[in-house]
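Undergrad: One line per chain: the protein sequences are A and B, in this order.
Residue 428 in this note's numbering sits at position 428 of the first sequence, and the numbers go up by one each step.
Converting from the second sequence to this note's numbering requires adding 523 to each position, the first position being numbered 1.
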Amino acid sequence: MTNRTGWKPGMAKGSDAPAPGADVGAGGATRGIAYEERLLFEHASAGARTGVSLPPAGSDFDPAKELPSAMLRGEIAGLPALGELEVVRHFTRLSAWNHGIDTGFYPLGSCTMKYNPKSSEALARLPGFADAHPLLPAELCQGSLELMYQLERALSEISGFAATTLAPAAGAHGELTGVMMIRAWHVARGDARKKVLVPDTAHGTNPATCALNGYEVVQLASGPDGRLHPETVRAAMGEDVAAIMITNPNTLGIFESHIAEIAEIVHARGGLVYGDGANLNALLGVARPGDMGFDVMQFNLHKTFATPHGGGGPGSGPVAVAQKLVPFLPLPVVVKESERYRLVDDGKERPQTIGKLREFHGNFGMFVRALALIREYGPEGLKATGQLAVLNANYIRAGLKDVYHLPYDTDSLHEVVFTDKALKATGVTTMDVAKRLVDHGFHPPTVYFPLVVHGALMIEPTETESKETLDQFIEGMRAIADQARVDPEGLKSSPQKPVRARLDEVRAARKPVLRWRPGMKVE
Amino acid sequence: MRYHPHTSEEIQEMLAAAGARSLDDLFRSIPEPLRLRRLLDVPPALDEIALFAEMRRLAARNQTEHPPFVGAGAYPHHVPPVVDQLLLRGEFFTAYTPYQPEVSQGTLQALFEWQTYVCLLTGLDVANASMYDGATAMAEAALMAARLTDRKKMVVSAAVHPEYLRVLRTYLASTHDEIVTVPYGRDGRTDLGALSRAVDDRTAAVIVGYPNFFGVVDAVEEASALARKVGALSVAVTNEAVALGLFKGPGELGADVAVGSFQSFGNTLNFGGPAPGFFATRDANVRQMPGRLCGATVDKHGRRGFVLTLSTREQHIRRERATSNICTNAGLCALAATIHLALLGRKGLAELARLNYARGRLLREAMSRAGFRPCFSGPSFNETAFDVGDAEAVVTRLARRGLAAGAPLARWYPDDAGMKGALLCVATEVHTPELIEMFAQAVRGRA
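1) My parser needs the alpha helix (DSSP H) runs of 4 or more residues fully inside the stretch 582-659 of chain B; what are they?
2) When you compare only the Cα positions, how much space is there between B/R692 and A/P134?
3) If you reduce the DSSP assignment to three classes, tell me which class A/D225 lands in.
4) Quick one: using the 10 Å Cβ neighbour count with 16 as the cut-off for buried, is A/N3 buried or exposed?
5) For the stretch 742-773 of chain B, which segments carrying the beta strand (DSSP E) assignment without a break, of at least 3 residues, lie completely within its bounds, in sequence order?
6) Chain B partners of A/V217, CB-CB under 8 Å?
7) Sorted by chain position, which residues of the same chain lie with C-beta nearer than 8 Å to A/D346's C-beta, five sequence neighbours on each side aside?
8) If the criterion is Cβ atoms closer than 7 Å, does the pair B/Y1026 and A/A169 meet it?
9) Which residues does DSSP pair with B/P734 in a beta bridge?
10) Measuring only between beta-carbons, confirm whether A/A508 sits less than 7 Å from chain B.
11) 7 Å is my cut-off, CB to CB: does A/Y115 come that close to chain B?
12) Given this structure, state the Cα-to-Cα distance separating A/S69 from B/G768, to the nearest angstrom.
13) Which chain B residues sit within Cβ distance under 8 Å of A/P524?
14) Could you spell out the range, first to last residue, of the beta strand (DSSP E) harbouring A/V24?
15) Give the C-beta separation of A/G476 and A/L437 to the nearest angstrom, bearing in mind that I take them to be a contact with Cβ-Cβ under 8 Å.
16) Relative to chain E, which residues along the stretch 93-119 of chain A have a C-beta separation below 9 Å, given in chain order?
17) Going by Cα to Cα distance, which pick from A/R49, A/F61, A/C210, A/L39 is closest to B/R882?
18) Can you list the residues of chain B that A/D411 reaches, using a CB-CB cut of under 7 Å?
19) Over what stretch of residues does the alpha helix (DSSP H) that includes B/A963 continue unbroken?
20) Do the stretch 386-401 of chain A and the stretch 439-455 of chain A touch if we need at least three Cβ pairs shorter than 8 Å?
21) Which residues in chain B have a C-beta closer than 7 Å to the C-beta of A/Y408? List them in chain order.
22) Just curious, the beta strand (DSSP E) that A/Y448 is in, first and last residue?
23) So if DSSP puts A/V198 in a beta bridge, which residue, or which two residues, is it bridged to?
24) Give, in chain order, every unbroken run of the beta strand (DSSP E) that is at least 3 residues long and sits entirely within the stretch 675-732 of chain B.
25) Determine the chain A residues that contact B/Q638 at a beta-carbon separation under 7 Å, and present them in chain order.
26) State the Cα-Cα distance for the pair A/V321 and B/F550, rounded to the nearest angstrom.
27) Give the range of the alpha helix (DSSP H) segment to which B/G818 is assigned.
28) Looking at C-alpha atoms only, which residue of A/K114, A/R183, A/R89 is the closest neighbour of A/G100?
29) Give a yes or no on whether the minimum CB-CB distance between A/M292 and chain B is below 7 Å.
30) When the distance is taken between beta carbons, is A/N300 closer than 7 Å to A/A278?
31) Where does the unbroken alpha helix (DSSP H) through A/M297 begin, and where does it stop?
32) If you drop the 5 nearest sequence neighbours on each side, which residues of the same chain put their C-beta closer than 7 Å to that of A/A389?
33) Can you tell me whether A/Y341 is helix, strand or coil according to DSSP?
34) Work out the CA separation of B/G754 and B/Q964 for me, nearest whole Å.
35) Within 7 Å (strictly less), CB to CB, does B/R712 reach chain A?
36) Which residues of the stretch 884-917 of chain B have a Cβ closer than 7 Å to any Cβ of chain A? Give them in chain order.
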């Protein structure tokens with residue numbers, strides 16, 4: 001492994017005071033300069049200080065004379081008053097307390113934390129895109145409409161479906177859209193059904209989405225190989241089952257290789273097959289859900305197509321459907337008529353539509369970024385994405401399987417799930433491993449999920465990480481396993497390097513403090 | 524491929540380590556018939572220069588050189604460059620939901636600040652970490668009201684944003700909740716007589732706009748009193764949040780829930796998305812709220828820090844018994860709004876609101892000089908519907924000059940003959956007095 005800066009990982013054990021320059025994690029983490037920064041509201045609030053430059057409103061009128069004074073408020077007490085530099089410094093300091101993909105490796109399983117191209121950010125900010133009002137007359141927004149049309153076509157091809165709606169705002173919103181379409185399809189056939197089958201490895205959004213649609217959730221157990229088996233589905237499938245929701249590859253990173261047979265079983269009894277596309281990255285250019293028996297699937301553009309995760313959104317959750325569900329797609333739909341593009345937004349043109357899912361046309365800013373990535377990759381780049389994502393996960397698996405317990409020996413695709421079982425004798429848990437990774441300079445993997453795996457550590461490296469980074473991560477994980485044996489207590493006191501040590505989550509829930517109030521004290 | 528860092532030697536080395544003969548071999552768990560045996564049929568790869576040329580071609584097919592005179596739920600405002608430059612710090616925009624609080628204190632503290640801003644502006648106790656947008660926030664408010672009251676009837680003013688109402692209908696299609704709409708009067712406010720007749724002991728929520736879709740400041744106080752009398756929740760819906768810098772917070776007027784969009788703070792139009800939806804309510808309802816909540820706590824050394832909390836409401840813990848299925852929300856958009864609000868400050872927010880009121884006033888004066896009267900007599904903020912004769916014809920005519928004239932209300936109210944000429948127009952701080960005058964003359968056909 002090359003080491004251009006000359007540092008050698010040499011982590012301080014536990015609470016030892018490290019020698020200067022000695023405390024360097026496998027991912028390069030040291031104690032940098034970090035500033036304490038109070039809340040905005042704890043800065044001065046008096047005075048006329050402001051960080052904006054606005055034209056004068058004029059003094060020839062007084063709202064209080066023109067409007068009922070009972071409706072008006074004065075300046076809002078509690079709002080801070082800061083200058084521009086103070087605001088810049090405040091948020092710059094806060095940003096330094098975060099670990100992002102730009103900071104370091106972020107193997108958060110099932111979240112597909114790949115690099116977010118800077119090009120895409122620049123393109124989404126082109127004034128023609130950023131300043132376009134959603135209700136522009138069609139002749140003034142042909143560019144936006146053409147872009148949406150191109151993205152819709154590309155996503156339909158990539159997933160192997162007939163058509164795609166871009167409207168949903170995030171993955172879970174896409175799930176909601178997909179299950180609404182399933183419901184509408186059944187209702188249109190005069191066959192309203194009651195249940196949806198969901199495997200036990202599913203994301204929590206799947207059962208929550210079913211409940212929002214008024215469906216009863218039937219949980220299916222996955223087999224000893226981590227897969228859903230046809231006989232399990234056959235036993236649960238009945239005339240009252242509307243659909244099955246399957247994530248493929250599933251949250252164990254395992255391909256549901258019986259998918260075609262499962263789809264046949266469900267279809268034979270009048271059900272539909274929903275695909276949760278959260279893990280689509282593994283299949284890009286390699287296989288298509290639309291070719292496997294799925295009837296509908298949501299994308300997560302913030303996962304597969306590298307639109308930024310933004311600290312929790314915005315996402316974008318387009319939904320692709322097979323031909324039979326096309327009439328039920330939500331509005332609006334972009335259509336191309338000779339060389340002109342138009343939004344169909346009136347239910348009269350689409351009488352079976354499930355309706356509108358949000359106020360306008362979807363998270364357009366994310367469409368620009370996703371299409372930019374698809375255009376830069378082209379067919380070969382998309383295929384390489386799926387292949388390299390899977391290669392990286394398998395490389396990590398190979399590098400760690402002798403020190404961490406692998407609950408399923410089945411082939412991994414884009415992510416691999418380990419557990420803390422091999423560390424059991426030391427008393428070190430998955431949470432300790434996660435927190436110690438922070439001291440090494442890595443974001444922890446997804447922990448304690450999927451729920452079917454006790455003490456799960458779910459690692460998804462993505463294709464944008466270099467071998468050098470993966471080697472460092474493997475080294476860090478191995479160092480933690482070693483430390484668990486010789487210094488479990490030191491490991492439990494991690495993380496030591498961030499601005500805060502382990503936080504008391506029980507207290508946060510027991511005595512909720514959910515906003516600042518004057519005189520607020522949390523101690 | 525610049526985002527794929529491996530050399531071919533490294534790939535071979537890694538394949539050997541993983542015990543695979545080839546990249547294809549890694550996919551042996553996918554049955555042969557399910558694999559794609561061709562390349563995807565998408566356009567060929569572009570280098571960065573060609574990519575920028577193509578995307579610029581698309582962007583240039585939009586005409587956005589003049590600020591639009593249409594609001595209707597998405598408002599053209601000036602976004603100080605500070606907002607974007609801070610958003611572009613990769614530590615913010617390349618992080619995800621702060622599941623690991625020790626390495627996410629930046630996002631968490633900013634969310635706590637966002638929640639506080641939403642509370643201060645709405646006059647309510649508690650706000651969540653954001654929603655997808657205003658329309659879905661309103662639908663979630665209705666669902667929360669149904670849970671809290673165990674009732675199924677939603678009484679909604681017809682002057683609430685009609686796209687929000689469409690989304691509510693979609694959301695409630697499977698739950699069999701009932702939606703009753705209440706007409707508006709000539710003042711553009713909800714008809715209070717009709718509202719009091721519609722509200723009864725089966726009512727879960729009473730929903731009005733504030734300001735409403737017509738830009739009119741609606742009767743939240745009266746609607747809230749009616750709701751309270753029958754044990755229903757009062758929900759105020761705000762599309763143009765700058766108005767909250769001039770008008771009382773809905774919570775001060777008795778609303779139990781305030782929802783809507785904070786797009787007006789720090790977020791460009793983006794053809795309608797993304798934008799930060801907000802959701803605020805009273806303390807008593809906190810355990811039935813949808814979405815993420817950030818809370819303050821201490822670390823093991825007693826130092827204040829922040830975490831996501833009350834997660835037992837949420838899908839990743841509660842699964843089918845969660846209060847909502849929402850997971851990812853609009854975090855970065857909420858951060859943009861928070862930064863803009865921090866820049867504005869106490870006085871700046873009041874000034875921006877007063878300025879928007881002033882520009883709305885100028886627009887009314889200019890339109891009046893051009894011979895157009897407001898459709899509604901109620902008090903408005905920066906948005907007003909004018910009777911321009913044939914609103915669609917005006918939109919088409921001004922589009923030829925690259926101007927977005929406004930939203931013809933007949934699109935949403937086809938059954939109201941009085942709406943045929945109604946054109947909903949907005950003027951904010953980005954519309955100079957000269958531009959406003961030019962616009963009014965252009966609507967008249969004189970400029």
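Beta carbons are placed, not taken as given, at the ideal position from N, Cα and C, and that holds for glycine.
TA: Straight from the coordinates:
1) Those alpha helix (DSSP H) runs which fall completely within the stretch 582-659 of chain B and span 4+ residues are 604-610, 613-616, 628-645.
2) On the second sequence, position 169 is the one that residue 692 of chain B refers to. On the first sequence, position 134 is the one that residue 134 of chain A refers to. One C-alpha to the other measures close to 21 Å.
3) Mapped onto the first sequence, residue 225 of chain A falls at position 225. In this structure, A/D225 counts as coil in the three-state DSSP scheme.
4) Counting from 1 along the first sequence, the entry for residue 3 of chain A is found at position 3. For A/N3, the predicted model reports a pLDDT of 47, less than 50, meaning its position is unreliable and no value from the coordinates is stated.
5) Those beta strand (DSSP E) runs which fall completely within the stretch 742-773 of chain B and span 3+ residues are 756-761.
6) Within the first sequence, residue 217 of chain A is the residue found at index 217, counting from 1. For the C-beta of A/V217, the chain B residues within less than 8 Å are, from N- to C-terminus, R842, E843.
7) To locate residue 346 of chain A, count along the first sequence from 1; it is residue 346. Scanning its chain for C-beta atoms nearer than 8 Å, with the 5 sequence neighbours on each side dropped, one finds around A/D346 the residues L331, in chain order.
8) For residue 1026 of chain B there is no data in the structure shown, the boundaries of chain B being 524 and 970.
9) Locating residue 734 of chain B in the second sequence gives position 211, where the first residue counts as 1. In the DSSP output, where bridge partners are listed per residue, B/P734 has none listed.
10) Your numbering for residue 508 of chain A matches position 508 in the first sequence. Residue-level contact check: A/A508 touches chain B, since one or more beta carbons of chain B fall below 7 Å from its beta carbon.
11) Sequence index remark: in the first sequence, residue 115 of chain A carries index 115 (1-based). Cβ-Cβ to chain B under 7 Å: yes for A/Y115.
12) Your numbering for residue 69 of chain A matches position 69 in the first sequence. Your numbering for residue 768 of chain B matches position 245 in the second sequence. Rounded to the nearest whole angstrom, the CA to CA distance from A/S69 to B/G768 is 14 Å.
13) This structure cannot speak to residue 524 of chain A, because chain A is shown only from 1 to 523.
14) Counting from 1 along the first sequence, the entry for residue 24 of chain A is found at position 24. Looking at the DSSP string, A/V24 is not in any beta strand (DSSP E), and its letter there is neither H nor E.
15) In the first sequence, residue 476 of chain A corresponds to position 476, counting from 1. In the first sequence, residue 437 of chain A corresponds to position 437, counting from 1. A/G476 to A/L437, Cβ: 6 Å. Contact.
16) Absent from the structure: chain E. Protein chains present are A and B.
17) Taking the first residue of the second sequence as 1, we reach residue 882 of chain B at position 359. Comparing Cα-Cα distances from B/R882 to each of A/R49, A/F61, A/C210, A/L39, the minimum goes to A/F61.
18) Numbered from its first residue, the first sequence carries residue 411 of chain A at position 411. Per Cβ cutoff of 7 Å: R551, S552.
19) On the second sequence, residue 963 of chain B is found 440 positions in, with the first residue counted as 1. Here the alpha helix (DSSP H) through B/A963 covers 956-967.
20) For the pair of segments examined, the stretch 386-401 of chain A was found not to touch the stretch 439-455 of chain A: the number of CB pairs separated by less than 8 Å stays below three.
21) Taking the first sequence and counting its residues from 1, the one referred to as residue 408 of chain A is at position 408. Residues of chain B with a Cβ closer than 7 Å to the Cβ of A/Y408 do not exist; the shortest Cβ-Cβ separation is about 11 Å.
22) Position 448 of the first sequence, counted from the first residue, corresponds to residue 448 of chain A. Looking at the DSSP string, A/Y448 is not in any beta strand (DSSP E), and its letter there is neither H nor E.
23) Taking the first sequence and counting its residues from 1, one reaches residue 198 of chain A at position 198. For A/V198, DSSP records a beta bridge to A/Q219.
24) Runs of the beta strand (DSSP E) lying entirely within the stretch 675-732 of chain B, each at least 3 residues long, are 676-680, 701-705, 726-732 in chain order.
25) Within the second sequence, residue 638 of chain B is the residue found at index 115, counting from 1. Listed by position along chain A, the residues whose Cβ is nearer than 7 Å to that of B/Q638 are L514, R515.
26) For the purposes of this step, residue 321 of chain A is taken as the residue at position 321 of the first sequence. For the purposes of this step, residue 550 of chain B is taken as the residue at position 27 of the second sequence. About 25 Å.
27) Stepping through the second sequence from its first residue, residue 818 of chain B is reached at position 295. It is not in any alpha helix (DSSP H) - B/G818 instead sits in the beta strand (DSSP E) that spans 817-821.
28) Position 100 of the first sequence holds residue 100 of chain A. Of the candidates A/K114, A/R183, A/R89, A/K114 places its Cα closest to the Cα of A/G100.
29) For the purposes of this step, residue 292 of chain A is taken as the residue at position 292 of the first sequence. Yes, A/M292 lies at the interface with chain B (some Cβ there is under 7 Å from its Cβ).
30) To locate residue 278 of chain A, count along the first sequence from 1; it is residue 278. To locate residue 300 of chain A, count along the first sequence from 1; it is residue 300. Yes.
31) Position 297 of the first sequence, counted from the first residue, corresponds to residue 297 of chain A. A/M297: not part of any alpha helix (DSSP H); member of the beta strand (DSSP E) spanning 296-298, first to last residue.
32) If you number the first sequence from 1, residue 389 of chain A lands on position 389. Excluding sequence positions up to five before and after A/A389, its CB lies within less than 7 Å of the CB of N281, A282, H414, T462, E463, all in the same chain and listed in chain order.
33) Taking the first sequence and counting its residues from 1, the one referred to as residue 341 of chain A is at position 341. A/Y341: strand per DSSP, three-state reduction.
34) For the purposes of this step, residue 964 of chain B is taken as the residue at position 441 of the second sequence. For the purposes of this step, residue 754 of chain B is taken as the residue at position 231 of the second sequence. Taking the straight line from one Cα to the other gives about 50 Å.
35) Numbered from its first residue, the second sequence carries residue 712 of chain B at position 189. Not one chain A Cβ lies under 7 Å of B/R712.
36) So the list reads R884, P902, given in the order they occur along the chain.
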